[in-house]
């Protein structure tokens, strides 16, 4: 796992990813609370898998 | 004699660098790590009040200015683009682009703070009005303080930019405030989504 703040360019990319992550969860949660929870679980699991298993 | 004079070192000893990471960048990493812990403590209080306590959010009769805060979010995100532009410009030795990017970032940051101050004056509740008010002002105020610190860093970077201090090879003075500014933006996205939207 790499530090997302190791450079300004990386931090900028991390910001964009954060916006997308929270936007998807917020939109899903506004449609239905449980859909928001489901999207949160799926998105977070995907990120954890990508960070710790794919990138390693 | 001349060779001996050339080998002579004046001033404090050169610091030992045992890390692959530049010491200035490492300092900013450690600072950001401590900030994440600080925000984590505030978010823990927020989730405790909201979830474990089971209170309505926001409490009945109170309304959060979601639209104004949304516009403020757009302003802050735009400022991240401008600081990124400033750094990319100086990496290409474009001083005017860097100066314009930094000035725009400063202006957008000040607009964000002014809008937040205006929001506070019209929101209709105070920090002493229960746990909701305390958490709202605590989290948004903590973030506002970080924006203020970021603006101070960017002010110094801007002054130095206009004095011709940066170049394509030496731009740490812009990069490090840029990293901090993006961190502040990331935290705002979390604060805005959890407090205002969800």
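Chains as they are written, first to last, in my numbering: chain A, 160 to 215; chain B, 135 to 332.
Think of the CB as a built atom: it goes at the ideal place given N, C-alpha and C, for glycine as much as any other residue.
Beta-carbon within less than 7 Å of residue 325 of chain B's beta-carbon, same chain only, minus the 5 sequence neighbours each way: which residues are those? 273, 274, 277
Measure the C-alpha to C-alpha separation of residue 269 of chain B and residue 191 of chain B and round it to an integer number of angstroms. 11 Å
Length of the line joining the Cα atoms of residue 205 of chain A and residue 332 of chain B: 21 Å
Considering only the beta carbon of each residue, do residue 200 of chain A and residue 187 of chain A sit closer than 8 Å? no
Given that residue 178 of chain A touches chain B, what residues does it touch there, using C-beta distances under 8 Å? 211, 323
Taking three-plus beta-carbon pairs below 8 Å as touching, is the stretch 240–257 of chain B in contact with the stretch 196–208 of chain B? yes
With residue 178 of chain A as the anchor, note down where its alpha helix (DSSP H) starts and where it stops. 167–190
Would you kindly check if the distance between the Cβ of residue 328 of chain B and the Cβ of residue 180 of chain B is under 8 Å? yes
So with CB distances below 9 Å, who are the chain B contacts of residue 194 of chain A? Ordered by position in chain B, no residue passes the 9 Å Cβ test against residue 194 of chain A, which lies about 12 Å from the chain.
Would residue 187 of chain A pass as an interface residue toward chain B - the criterion being a Cβ-Cβ separation below 8 Å? no
Within 10 angstroms of its Cβ, does residue 286 of chain B collect 16 or more other Cβ (buried), or is it exposed? exposed
Against chain B, with Cβ distances strictly below 8 Å, would residue 174 of chain A count as a contact? yes
In the DSSP assignment, find the unbroken alpha helix (DSSP H) run with residue 233 of chain B in it and report its ends. 229–256
Using a C-beta to C-beta distance shorter than 8 Å, which residues of chain A count as neighbours of residue 185 of chain B? Here the premise fails: no neighbours, minimum Cβ distance about 12 Å.
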